[in-house]
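Comments concern the structure below.
Numbering (the working numbering), first residue to last: 9 to 440.
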């Protein structure tokens, strides 16, 4: 009993360290995103070239992480997931430190590429958390990490813009890099590598999973495959919405100043709802089917997005953005939960990193989709088009759900490299 209490306390401390690291990482990176065009213009980019350089600076880290993430996941499965958490935090700190010294836009983009190659805090945290949490608490763990992302996205632009205006972007980057070094030191001292299956006391298998094997495992399971495709589509939809949202606010306000204010307020409202929703959806995932919860949440997102074409005043968008943010909080944690439950213990880092790479591809496609949707003309068609994308995602996730009771134990690895649960019989499935 004493050991159980001590273990629970240690897990709570470890989760607090992971939460802090993810909060700082996301908050630090989102500080510069809203004002990136101004920052690049300050580096000497001509006004006509600012949109191109902005798009490049936004896409480069995601593109780099699509390639590097699964490799880091495999290394973590083989040599320790704690080391990957520390590596990601220090990698981000180095990249931010380099950004502080950038004198040209090209240098800044290169350093953003370094961020993508050696960062990846969210993916590393998810891999470590999946082995730390008890099987019946995986949902609230992933949901809690989503709340860290929301809190960082909410606080980052507010605090970061104040620091940047008062002291400059170089000071801002150095401050965030310093906090990431502090977070890495906390992780180094507080995190303990899991040596048993979470909450079971059984020795964890040591045979890791190759990147190709992890990709094959995720793709061969048609239910996980549908969730990954749905997650990619939802991620693309979220980033496409960024492209058309500000112009929509400009349509229903009387000045650029007013539109800018309302965009900031409504973004804050959305992330505040995500902060609350991450915890709520996480608990629901522990009690029921993450696949079903994903479907309901995607449907809610679709309705909220489509209806944003209706109000004639920005204040009436507030309840719709609350619904959008609350439902969005379920999407990533539900997919992470399913992948964690459906992958072998020794290969979870690889499978979760592959998952983040797939979703990162949605982040790259999103702005292109947004530009295409913007060409539809009237905002009603634009928002309804994206709304239908989310509704289609919900339908994809809801297709032929399996009983969630069959997924309460992780899939042990067979000696031939396949996994229990890969059989076609329903009783041996490990996914809904």
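Idealized CB from N, CA, C, for every residue including glycine.
Does the separation of the CB atoms of residue i and residue j fall below 8 Å?
i: residue 121; j: residue 240; result: no
i: residue 365; j: residue 298; result: no
i: residue 326; j: residue 249; result: no
i: residue 38; j: residue 238; result: no
i: residue 93; j: residue 195; result: yes
i: residue 357; j: residue 81; result: yes
i: residue 223; j: residue 362; result: yes
i: residue 58; j: residue 45; result: yes
i: residue 29; j: residue 115; result: no
i: residue 182; j: residue 84; result: no
i: residue 227; j: residue 220; result: no
i: residue 256; j: residue 406; result: no
i: residue 306; j: residue 258; result: no
i: residue 64; j: residue 117; result: yes
i: residue 472; j: residue 175; result: Missing from the structure shown is residue 472; the chain here goes from 9 to 440 and no further.
i: residue 344; j: residue 134; result: yes
Pick helix, strand or coil for residue i, following the three-state DSSP scheme.
i: residue 295; result: helix
i: residue 348; result: helix
i: residue 85; result: helix
i: residue 386; result: coil
i: residue 415; result: Summary for residue 415: the model assigns pLDDT 40, below 50, so the residue's position carries little reliability; its value from the coordinates is reported in the next sentence. Residue 415: helix per DSSP, three-state reduction.
i: residue 161; result: helix
i: residue 268; result: helix
i: residue 64; result: helix
i: residue 112; result: coil
i: residue 400; result: helix
i: residue 22; result: helix
i: residue 51; result: coil
i: residue 191; result: helix
i: residue 7; result: Any answer about residue 7 is impossible in this case: the structure gives the chain only from 9 up to 440.
i: residue 7; result: Limits of the chain in this structure are 9 at one end and 440 at the other, which puts residue 7 out of reach.
i: residue 178; result: helix
i: residue 218; result: coil
i: residue 259; result: helix
i: residue 276; result: helix
i: residue 332; result: helix
Cα-Cα, which of the options is closest to residue i?
i: residue 177; options: 36, 254, 281; result: 36
i: residue 294; options: 148, 106, 264, 45; result: 148
i: residue 103; options: 21, 270, 189, 139; result: 189
i: residue 172; options: 229, 154, 108; result: 108
i: residue 401; options: 231, 347, 359; result: 231
i: residue 66; options: 98, 347, 247, 20; result: 247
i: residue 78; options: 40, 98, 125; result: 125
i: residue 443; options: 136, 160, 161, 162; result: The chain is shown from 9 up to 440; residue 443 falls before or after that span and cannot be answered.
i: residue 320; options: 261, 117, 310; result: 261
i: residue 339; options: 43, 348, 304; result: 304
i: residue 280; options: 138, 127, 154, 64; result: 154
i: residue 161; options: 399, 349, 31; result: 31
i: residue 146; options: 399, 367, 312, 296; result: 296
i: residue 140; options: 353, 76, 43; result: 353
i: residue 337; options: 316, 283, 318; result: 283
i: residue 314; options: 41, 302, 329; result: 329
i: residue 311; options: 184, 70, 399; result: 399
i: residue 217; options: 87, 384, 72, 70; result: 87
i: residue 73; options: 242, 372, 56; result: 372
i: residue 132; options: 187, 350, 90, 123; result: 90
i: residue 351; options: 323, 317, 143; result: 143
i: residue 18; options: 404, 385, 201, 384; result: 201
i: residue 75; options: 225, 385, 184, 128; result: 128
i: residue 43; options: 166, 71, 95, 185; result: 166
i: residue 367; options: 71, 318, 56; result: 71
If you drop the 5 nearest sequence neighbours on each side, which residues of the same chain put their C-beta closer than 8 Å to that of residue i?
i: residue 209; result: Confidence at residue 209 is low in this model, with a pLDDT of 46, below 50, so its placement is unreliable and the value that follows should be read with caution. So no residue of the chain qualifies.
i: residue 252; result: 378, 381, 382, 387, 390, 391, 394
i: residue 112; result: 51, 52
i: residue 152; result: 23, 27, 286, 287, 290
i: residue 432; result: Only weak support exists for where residue 432 lies, its pLDDT of 34 falling under 50; the value from the coordinates is given anyway. If we look at residue 432 and ignore the five residues flanking it on each side, it has no Cβ neighbours.
Which same chain residues, not among the five before or five after residue i, have their C-beta less than 7 Å away from its C-beta?
i: residue 308; result: 331, 335
i: residue 25; result: 194, 195, 198, 199
i: residue 180; result: 39, 168, 171, 172
i: residue 119; result: 103, 106, 107, 110
i: residue 348; result: 138, 146, 356, 360
i: residue 123; result: 69, 100, 103
Check whether chain B comes within 8 Å of residue i, counting only Cβ atoms and requiring the distance to be less than that.
i: residue 152; result: The chain labelled as chain B is not found in the depicted structure, where only one protein chain is given.
Considering only residues of the same chain and omitting the five flanking positions on each side of residue i, which have a CB-CB separation below 6 Å?
i: residue 374; result: 244, 247, 248
i: residue 21; result: 198
i: residue 254; result: 271
i: residue 411; result: Caution is warranted here: a pLDDT of 46 is assigned to residue 411, below 50, making its placement in the model unreliable, and no coordinate value can be reported.
i: residue 61; result: 48, 53, 113
i: residue 263; result: none
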